[in-house]
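Visitor: The structure under discussion is supplied below as structure tokens; questions concerning it will follow.
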Amino acid sequence: MPLQDPAQGSIFPSLSSSSSRSRTRRRASQPAAMDLELNFEISRTAEFILNRNFTRVALQFPDDLLKHSTKVVTCLRNKLGSGNKVGLFVMADTTFGSCCVDEVGASHIGADCVIHYGHTCLSPTSTLPAFCVFGKASISIPLCVEKLSSYFGTNGKPIVVLYGLEYAHAISHIKEAMVEAMPKTKLELIFADVMCSIINPLEDHRKSDELGYLGSCSSVNSLGVATGTRCSLGGLIWDLLEGRRMEDYLLLWIGPDNSAFSNVVLTFNGCEIVRYDATEDQLVTDVSQQKRILKRRYYLVERAKDANMVGILVGTLGVAGYLHMIRQMKELIMLAGKKAYTLVMGRPNPAKLANFPECDVFIYVSCAQTALLDSKEFLAPVITPFEAMLAFSRGSQWTGTYIMEFRDLINSSQLEVSKQPEEARFSFLKGGYVEDFELQENGDGDNDGTLALANVTEKALQLRDRDPDSLVKGIAKSGAEFFVTRSYHGLETQANSSSPEPYLIGRSGKASGYKDERSEPETL
Numbered sequence: 011m012p013l014q015d016p017a018q019g020s021i022f023p024s025l026s027s028s029s030s031r032s033r034t035r036r037r038a039s040q041p042a043a044m045d046l047e048l049n050f051e052i053s054r055t056a057e058f059i060l061n062r063n064f065t066r067v068a069l070q071f072p073d074d075l076l077k078h079s080t081k082v083v084t085c086l087r088n089k090l091g092s093g094n095k096v097g098l099f100v101m102a103d104t105t106f107g108s109c110c111v112d113e114v115g116a117s118h119i120g121a122d123c124v125i126h127y128g129h130t131c132l133s134p135t136s137t138l139p140a141f142c143v144f145g146k147a148s149i150s151i152p153l154c155v156e157k158l159s160s161y162f163g164t165n166g167k168p169i170v171v172l173y174g175l176e177y178a179h180a181i182s183h184i185k186e187a188m189v190e191a192m193p194k195t196k197l198e199l200i201f202a203d204v205m206c207s208i209i210n211p212l213e214d215h216r217k218s219d220e221l222g223y224l225g226s227c228s229s230v231n232s233l234g235v236a237t238g239t240r241c242s243l244g245g246l247i248w249d250l251l252e253g254r255r256m257e258d259y260l261l262l263w264i265g266p267d268n269s270a271f272s273n274v275v276l277t278f279n280g281c282e283i284v285r286y287d288a289t290e291d292q293l294v295t296d297v298s299q300q301k302r303i304l305k306r307r308y309y310l311v312e313r314a315k316d317a318n319m320v321g322i323l324v325g326t327l328g329v330a331g332y333l334h335m336i337r338q339m340k341e342l343i344m345l346a347g348k349k350a351y352t353l354v355m356g357r358p359n360p361a362k363l364a365n366f367p368e369c370d371v372f373i374y375v376s377c378a379q380t381a382l383l384d385s386k387e388f389l390a391p392v393i394t395p396f397e398a399m400l401a402f403s404r405g406s407q408w409t410g411t412y413i414m415e416f417r418d419l420i421n422s423s424q425l426e427v428s429k430q431p432e433e434a435r436f437s438f439l440k441g442g443y444v445e446d447f448e449l450q451e452n453g454d455g456d457n458d459g460t461l462a463l464a465n466v467t468e469k470a471l472q473l474r475d476r477d478p479d480s481l482v483k484g485i486a487k488s489g490a491e492f493f494v495t496r497s498y499h500g501l502e503t504q505a506n507s508s509s510p511e512p513y514l515i516g517r518s519g520k521a522s523g524y525k526d527e528r529s530e531p532e533t534l
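In case it helps, the numbering used here puts the sequence shown at residues 11 to 534.
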């Protein structure tokens, strides 16, 4: 069984690890098929499809599980039966992060639903229902309980246990073993529960709007009654006792050091955090390296404050609420006196963003587990919507709270940037006071639209008429002005002549000897 498999680290251990492959070769074909059906939850998947009468189903595999797709399709077809005409389509190479449901790819084949395999962030979808198969990562329960009980015996703080969704299958066994291993202690131990493995767009959207607990904490229970604090993050949900805060608990994470763990560290940066690595059977108590990320993020916020042009990177086309977040970011940028450009390019990388040198900073609107991009190699920093709120809202201060899920920012606070006094602000990076462009122009009292357009045109011409040999270029406020101030514009035509030039016939033939080249006689 996967619970006691000594092979560590794989979400589907009996199919991926070397030791499991050697055991599989010794087994008969029937037990191997049973392992595949158990790991990929073939029966539950077929039940989900048949109960909802889906006829076109998209199977989304990450790159590391794509090699098992043909076997999964075969088992799933056998379970559905020959009488059911259900179309199964395998999807790979997702448009954005593989942890999100790829509704764009599914819409290309007209799918009714998506079956998502592997690591997932459980972000709510916009239109299509989805069934998530988390996988069953290997973990030794006796070794895990031994490590945890020995550590918790010397620590008297209450504990909240969070975990990667690939370990959800073993949490109930770990909980029972922990109670048996520590019967005499009155330790407050809270295990988080998985919200669900089925995502229904309308139901989840309405539920999250009413409770407001996606990626946050609220003092309501599932019935809306204030009994304690309900917290949720990355598809997990748990209730704290009344009067308790997350800072009062020691937070235990069971799983690898991945994007989900970084989400936990940044969101609950005020908690003492311990991580149990099931692959190495090791308890990691030092997470200072992860918390050091906050210093880097604060520096990016200060850089974003000095930006004039901001690019909004669309990092998802399926997570519910992403369009609302983009509109909110545009309004925030406009009220802060800056220019905004919306860019859709799939997964961003330094080469793609280098095509937009006019943007001083980029805002990445995506799910919580793909929002943090290491932008050290980028020409301009990439920040999250929460960091944009801090950078572009006058008078805002970072209290230590960090919000990864952009849906928690929607309607969390009304934008009041325009009501702030139009005064210079101090830039820590430039070491002096600076003024935003739009705020300067608004103070001139030019309300006439024609006059305002004339002023912008005049300033653009002034930038064009600067000395071309001057090393000091004008500071551009828009993409057009930035292009004017560039010293190189690509291949240019003759500016003084408007008549078309005659075309010329170039060389023809092979490179070894063009037709216009004279052939020399061979010499003996």
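Quick reminder that beta carbons are idealized off the backbone N, C-alpha and C, glycines included. Quick caveat, the model's predicted, so the values are computed rather than measured.
Classify Phe-162 as helix, strand or coil using the three-state DSSP reduction.
Guide: If DSSP states are grouped into helix, strand and coil, Phe-162 belongs with the helices.
Visitor: List the whole-angstrom C-beta distance separating Cys-110 from Cys-131, where the pair is believed to meet the contact cut-off of C-beta under 8 angstroms.
Guide: Rounded, the Cβ-Cβ distance is 6 angstroms, consistent with contact.
Visitor: With a threshold of 16 other CB atoms inside 10 Å of the CB of Ile-119, please say whether the residue is buried or exposed.
Guide: exposed
Visitor: Would Lys-146 and Asn-49 be called neighbours here (beta carbons separated by less than 7 angstroms)?
Guide: yes
Visitor: Whose CA, out of Leu-383, Leu-345 and Phe-64, lies closest to the CA of Phe-402?
Guide: Leu-345
Visitor: Using 8 angstroms as the Cβ pair cut-off and three pairs as the minimum, do the region 272-283 and the region 398-415 touch?
Guide: yes
Visitor: Short of 7 angstroms in beta carbon distance, which residues of its chain neighbour Pro-395, apart from the five on each side in sequence? Order them along the chain.
Guide: Met-335, Met-339, Ile-373, Val-375, Phe-416 and Leu-419
Visitor: Note down the Cα distance separating Ala-191 from Thr-352, rounded to an integer number of angstroms.
Guide: 55 angstroms
Visitor: Judging by CA-CA distance, which residue of Ser-272, Lys-386, Leu-514 and Val-170 is the nearest neighbour of Gln-538?
Guide: With the chain covering only 11 through 534, there is no way to say anything about residue 538.
Visitor: Rounded to whole angstroms, what is the Cα-Cα separation between Gly-19 and Phe-106?
Guide: Reliability fails at Gly-19, whose pLDDT of 43 lies under 50, so the model's placement of it is uncertain and the value that follows must be treated cautiously. Rounded to whole angstroms, Gly-19 to Phe-106 spans 24 angstroms at the Cα level.
Visitor: Got a sec? Which residues, its chain only, sit under 8 angstroms from Tyr-524 by beta carbon, not counting five neighbours each side?
Guide: If we look at Tyr-524 and ignore the five residues flanking it on each side, its Cβ neighbours are Arg-517 and Ser-518.
Visitor: Going by DSSP in three states, Ala-178 sits in which element: helix, strand or coil?
Guide: helix
Visitor: Whole angstroms is fine: what's the gap from Gly-166's alpha carbon to Leu-310's?
Guide: 38 angstroms
Visitor: So, using beta-carbon positions, are Val-324 and Val-354 closer together than 7 angstroms?
Guide: Yes, the Cβ-Cβ distance between Val-324 and Val-354 is below 7 angstroms.
Visitor: Taking its Cβ as the centre, do 16 or more other Cβ atoms sit within 10 Å of Tyr-513, making it buried, or is it exposed?
Guide: exposed
Visitor: Going along the chain, which residues of its own chain have a beta-carbon closer than 6 angstroms to the beta-carbon of Gly-115, five neighbours each way excluded?
Guide: Met-101
Visitor: To which residues of the same chain is Glu-198 closer than 6 angstroms at the C-beta, ignoring the five residues directly before and after it?
Guide: Pro-168
Visitor: Between the C-alpha atoms of Val-482 and Ala-364, what's the straight-line distance to the nearest angstrom?
Guide: Unreliable positioning characterises Val-482 in this predicted model, as indicated by a pLDDT of 36, which lies under 50. The coordinate reading is nonetheless provided below. Their backbone Cα atoms lie some 22 angstroms apart in a straight line.
Visitor: What's the C-alpha gap between Ser-228 and Ser-242?
Guide: For Ser-228, the predicted structure reports a pLDDT of 48, less than 50, and the residue's modelled location is therefore unreliable. A value from the coordinates is still provided. Rounded to whole angstroms, Ser-228 to Ser-242 spans 9 angstroms at the Cα level.
Visitor: For the beta strand (DSSP E) containing Leu-251, list its first residue and its last residue.
Guide: First-last for Leu-251: undefined, no H or E at that position.
Visitor: Measuring only the C-alpha atoms, how far is Asp-384 from Gly-97?
Guide: 40 angstroms
Visitor: Using 7 angstroms as the threshold, is the C-beta distance between Tyr-161 and Leu-246 below it?
Guide: Their beta carbons are not under 7 angstroms apart, which means Tyr-161 does not touch Leu-246 by this criterion.
Visitor: Going by C-alpha distance, which of Arg-307, Glu-368, Glu-57 and Arg-285 is nearest Gly-174?
Guide: Arg-285
Visitor: Note down, in chain order, each residue of its chain lying with its Cβ closer than 6 angstroms to the Cβ of Met-205, except the 5 sequence neighbours on either side.
Guide: Gly-245 and Ile-247
Visitor: Report the option in Leu-69, Ser-159 and Ala-314 whose CA atom is closest to the CA atom of Phe-99.
Guide: Cα-wise, what sits closest to Phe-99 is Leu-69.
Visitor: CB-CB under 6 angstroms to Phe-71, same chain, minus the five flanking residues each way: which ones, in chain order?
Guide: Ser-79, Ala-102 and Tyr-127
Visitor: Can you look up Gln-292 in the DSSP assignment and give me helix, strand or coil?
Guide: Strand.
Visitor: For Ala-314 and Ile-343, what's the separation of their Cα atoms in angstroms?
Guide: 11 angstroms
Visitor: Going by DSSP, name the residue or residues bridged to Val-189.
Guide: Looking at the DSSP output, Val-189 shares a beta bridge with no other residue.
Visitor: Counting along the chain, where does the beta strand (DSSP E) carrying Gln-70 start and finish?
Guide: That run of the beta strand (DSSP E) goes 66-70.
Visitor: Taking only beta-carbon atoms, is Glu-511 less than 7 angstroms away from chain D?
Guide: This model lacks chain D altogether; it includes just one protein chain.
Visitor: Sort out for me which residues DSSP pairs His-129 with in a bridge.
Guide: Paired residues: none, contrary to the question.
Visitor: Report yes if the C-beta distance between Ile-151 and Ala-187 is below 7 angstroms; otherwise report no.
Guide: Yes, the pair counts as a contact, with Cβ atoms nearer than the cut-off.
Visitor: Can you tell me whether Leu-197 is helix, strand or coil according to DSSP?
Guide: Coil, per DSSP.
Visitor: Within the continuous alpha helix (DSSP H) that includes Cys-85, where are the two ends?
Guide: 79-90
Visitor: Can you look up Ile-373 in the DSSP assignment and give me helix, strand or coil?
Guide: strand
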